[in-house]
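Numbering (our numbering), first residue to last: 124 to 331. Beta carbons: idealized from backbone N, C-alpha and C, even for Gly. Working notes, beginning with the structure itself.
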Ligand code: GAR
């Protein structure tokens, strides 16, 4: 059974999707061992508590640098013998110390079709504002392995939605969450836990 750490910074709807998938038995060979939050005041922590999952706060403000916070994060992950790190709306920069220990074992969900609307400054609602301003007709979500390059790691799964004429950033965000993020993230986590993801350069092969 693989031990999973879910990293959060906000409302935690993707965490909830993982918790729900786990309770339906859809995270095959994996179990959420801990929820780690970058802030003490987020609703995601309540979701963890309601589900009976231990949580831990790693407050970025308590550390002098992103590197110092990352080293503390890696220490905690190692202490708990975590196998998979899932960034589910985690909005804090991490540094190479994480990937040195967890190579191809950190997964992120991004609310756009990478490489569009990705990279530094593209997070949360801003992503959907940029997509609408650009006038795209489809958008979606991407689950990918995390590397040192922001939003640049190998893509695991992608899903699309149509952009509708009257969409606001909020309505587009909600449709992408419902139709893509909350399905793709648990699927990718389950595939990882079954050792069914094989990274070949930039391509992730999904084994039968
Ligand atoms: C989600 O839409 C997630 O894709 C996005 O933040 C939101 C978090 O919502 N992540 C990023 O933008 C990362 N670059 P949640 O806290 O309800 O899961």
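When the Cα of residue 127 is compared with those of 314, 259, 250, which residue comes out closest?
Position 4 of the chain shown holds residue 127. The candidate whose alpha carbon is nearest that of residue 127 is 314.
Consider the C-beta atom of residue 160 and the heavy atoms of ligand 1; say whether any pair is separated by less than 8 Å.
Taking the first residue of the chain shown as 1, we reach residue 160 at position 37. Because no heavy atom of ligand 1 lies under 8 Å away, the Cβ of residue 160 does not count as near it: no.
Tell me, please, whether the CB atom of residue 329 is closer than 9 Å to any CB atom in chain C?
Absent from the structure: chain C. Only one protein chain is present.
Residue environment, residue 135, which counts as buried when at least 16 other CB atoms sit within 10 Å:
Here residue 135 refers to the residue found at position 12 of the chain shown. Buried, since its Cβ has 16 or more Cβ neighbours within 10 Å.
DSSP state of residue 265 mapped onto helix, strand, coil
The sequence position of residue 265 within the chain shown is 142, counting from 1. If DSSP states are grouped into helix, strand and coil, residue 265 belongs with the strands.
Residue 147 classed as buried or exposed, judged by whether at least 16 other C-beta atoms fall within 10 angstroms
Residue 147 sits at position 24 when you count from the first residue of the chain shown. Residue 147 comes out exposed.
Can you tell me the Cα-Cα spacing of residue 278 and residue 309, whole angstroms?
Translated into the one-based positions of the chain shown, residue 278 becomes position 155. Translated into the one-based positions of the chain shown, residue 309 becomes position 186. Each residue's alpha carbon lies about 15 Å from the other.
Please classify residue 244 as buried or exposed, where buried requires at least 16 neighbouring CB atoms within 10 angstroms.
For the purposes of this step, residue 244 is taken as the residue at position 121 of the chain shown. Residue 244 should be labelled exposed.
Out of 130, 221, 286, 142, which has the shortest C-alpha to C-alpha gap to residue 175?
Locating residue 175 in the chain shown gives position 52, where the first residue counts as 1. Nearest C-alpha to residue 175: 142.
Residue 156, enclosing beta strand (DSSP E) - first and last residue
Position 33 of the chain shown holds residue 156. Element bounds for residue 156: 153-160.
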